[in-house]
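Novice:
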Amino acid sequence: MCPPAHFSISYSINPWMDPAKPVDPQLAHAQWDDLRRTYLSLGHEVELLDPEPDLPDMVFAANGATVIDGRVFSARFAYPQRAGEAPAQRRWFRAHGYTDIGLPQHVNEGEGDFTVAGPYLLAGRGFRSSPDSHAEAQEFFGRPAIGLDLIDPRYYHLDTALCVLDDGPSPDVMYYPDAFSPGSRSVLAALFPDALIASREDAEAFGLNAVSDGKHVLLPQAAVGLFTPLRARGYEPIALDLTELLKGGGSVKCCTQELRGRPPEPPAPPG
Ligand code: ARG
73 MCPPAHFSIS YSINPWMDPA KPVDPQLAHA QWDDLRRTYL SLGHEVELLD PEPDLPDMVF
133 AANGATVIDG RVFSARFAYP QRAGEAPAQR RWFRAHGYTD IGLPQHVNEG EGDFTVAGPY
193 LLAGRGFRSS PDSHAEAQEF FGRPAIGLDL IDPRYYHLDT ALCVLDDGPS PDVMYYPDAF
253 SPGSRSVLAA LFPDALIASR EDAEAFGLNA VSDGKHVLLP QAAVGLFTPL RARGYEPIAL
313 DLTELLKGGG SVKCCTQELR GRPPEPPAPP G
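Counting from 73, one number per residue, gives the positions in the sequence shown under the working numbering.
1. Please check the pair D250 and H116, which I expect to be a contact at CB under 8 Å, by giving their CB distance rounded to whole angstroms.
2. Could you check which residue in F145, D185 and K287 has the C-alpha nearest to that of P335?
3. Would E60 be called buried (16 or more neighbouring beta carbons within 10 Å of its own) or exposed?
4. Considering only residues of the segment 119-153, which uninterrupted beta strand (DSSP E) runs meet the minimum length of 3 residues and lie entirely inside it, listed in chain order?
5. Assess, as a yes-or-no matter, whether the segment 157-166 is touched by the segment 186-193 under the definition of 3 or more beta carbon pairs within less than 8 Å.
6. Do N180 and ligand 1 come close, with the Cβ less than 7 Å from some heavy atom?
7. Under 8 Å: do the segment 107-116 and the segment 137-152 share three or more Cβ pairs, one atom per stretch?
8. So, using beta-carbon positions, are Y228 and F199 closer together than 8 Å?
9. Mapping the DSSP letters down to three states, classify A209 as helix, strand or coil.
10. Between A160 and ligand 1, is there a pair consisting of the residue's CB and a ligand heavy atom that are separated by less than 7 Å?
11. Sort A340, G333 and P342 by Cα distance to Y170 and report the nearest one.
12. DSSP state of A158, grouped into three classes?
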């Protein structure tokens, strides 16, 4: 996670961002810190990335890389305003012992568009990540990338329209079908016939921009329609208020990059 110390709406690169609606920095920090403390209270570790003054979207740490099995596939941002976040994250990873860091040739916005569901790498495209980045990520991770076409600019990243609830051998997901092209909807229906289908209201409340550890599901409190169906599936939904972050077009998931797997142990010194 990256503290929203320099978070602001000074440009607009998605339909949620309106520079005429400024952010309350104290409230943004309090809401973000509530998310951080919630992870800690659930027993999760939280690593922090240093915020940089010229990168107001850096709080959306999910977008800077994708990490699976301790291997890092770096991002390459679509807009110049965020370009500096990718090298900033690579510096963090190198400083924390990650040695296998892939540099992409094509645009991809990290976990904004990539997520893991069982054996698959689900991969969004249409607004930010290029289709060519899916092939690159498939090659890097050696996992089949399932390309999913996003068609509504309000759901410009995959993680605004789909959340993996359980990433085990028979993965469980929730998603908002109207964010996807007809063909991608069919792909999702074939892969996840029992998925939890979100309503328009819950998608608009950024309810799919959630993080699940397989038991607890952290999601925006305004996504009221998701709480009962999540409980019915055996999850424990945890409501968060991240309305200041929503002004930037992000919520729980955007503020959270998942570190899947540890970096390799350094070789033991000789002798
Ligand atoms: N303002 C940021 C952008 O438009 C928000 C990114 C939200 N992150 C996410 N994972 N969807 O790039």
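A virtual CB, placed ideally from N, CA and C, is assigned to each residue, including glycine. Predicted model, so just to flag it, every value in this text is computed and none were measured.
Specialist: Let's see:
1. If you number the sequence shown from 1, residue 250 lands on position 178. If you number the sequence shown from 1, residue 116 lands on position 44. That belief does not hold up - the Cβ atoms of D250 and H116 are roughly 32 Å apart, past 8 Å.
2. Looking up residue 335 in the sequence shown gives position 263. Of F145, D185 and K287, the residue nearest in Cα terms is F145.
3. Here the chain covers residues 73 to 343 and nothing more, so residue 60 does not appear.
4. 137-140 and 143-146
5. no
6. On the sequence shown, residue 180 is found 108 positions in, with the first residue counted as 1. No; taking the cut-off as 7 Å, the Cβ of N180 has no heavy atom of ligand 1 nearer than that.
7. no
8. One-based indexing of the sequence shown puts residue 228 at position 156. One-based indexing of the sequence shown puts residue 199 at position 127. Cβ distance < 8 Å, so Y228 and F199 count as in contact.
9. For the purposes of this step, residue 209 is taken as residue 137 along the sequence shown, with counting starting at 1. In this structure, A209 counts as helix in the three-state DSSP scheme.
10. On the sequence shown, residue 160 is found 88 positions in, with the first residue counted as 1. Incorrect: A160 has no Cβ contact closer than 7 Å to ligand 1.
11. Sequence index remark: in the sequence shown, residue 170 carries index 98 (1-based). Answer by Cα proximity: G333.
12. Along the sequence shown, one-based indexing puts residue 158 at 86. It is helical.
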